[in-house]
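Asker: Quick note: the sequence shown, position 121, residue 121 per the working numbering, numbers continuous.
We treat Cβ as the ideally placed atom computed from N, Cα and C, and that holds for glycine.
Note that this is a predicted model, so its numbers are computed, not measured.
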Amino acid sequence: MKERLQEIFSHYKGKENELIPILQEVQSEFGYIPEEAMKDIAQFLHIPRGRVYSVATFYAQFRLKPIGRNHIMVCRGTACHVRGATKILEELEKILNIKEGETTPDMEFSLETVACIGACGVGPNIVINKNTFGRMNTRILPDILSSCSKSFGGKADD
Ligand code: FES
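(1) Any heavy atom of the ligand FES closer than 7 angstroms to the CB of T113?
(2) Beta-carbon within less than 8 angstroms of K65's beta-carbon, same chain only, minus the 5 sequence neighbours each way: which residues are those?
(3) Enumerate in chain order the residues of its own chain whose CB-to-CB distance from D158 is below 7 angstroms, with the five nearest sequence positions on each side excluded.
(4) Label N125 either buried or exposed according to how many other C-beta atoms from any shown protein chain fall within 10 Å of its C-beta, with 16 as the threshold for buried.
(5) Tell me whether C148 counts as near the ligand FES, meaning its Cβ is closer than 7 angstroms to at least one heavy atom of that ligand.
(6) Under the DSSP definition of a beta bridge, which residues are partnered with F133?
(7) Is the segment 16-23 close to the segment 48-59, with three or more CB pairs under 8 angstroms?
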């Protein structure tokens, strides 16, 4: 981790106003902001660790826990909501046995909601690992999950 952080820091001058772009780059690299990285960021920017932590927790874009190999986001925009996004979310919570914002213990799936993704016409939509699935219904969810993960009988890692 140290080496990857040093590589990220090499793009910056060590000024406090670089905190958010550094956090964004760290999250892009690791998928979340590890505790250890916050310590190193604070040292690099010569600011208290608490400042890094408070910024990382203030902005919803930053994640402080690792996400699963398959990152599922259910659109909670109005159009998708009207077309049944809540049922999709509830079904995913049931199938995966986790709540929104959580990750399965095997780190296979994380489940989150997201604001409108701009594909309202084909909602309700879910996004899995940056792939959008439109016209979603609860019947096809198991097949979609299978296509992502062996833990649902899929071949994703073959
Ligand atoms: S509300 Fe879901 S894509 Fe716009």
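Answerer: If we stick to the structure as given:
(1) no
(2) Answer for K65: Y32, T103, listed in chain order.
(3) Only weak support exists for where D158 lies, its pLDDT of 42 falling under 50; the coordinates are left without a value.
(4) buried
(5) no
(6) DSSP lists I126 as the beta-bridge partner residues of F133.
(7) In short, these stretches touch, since the Cβ pair count reaches three.
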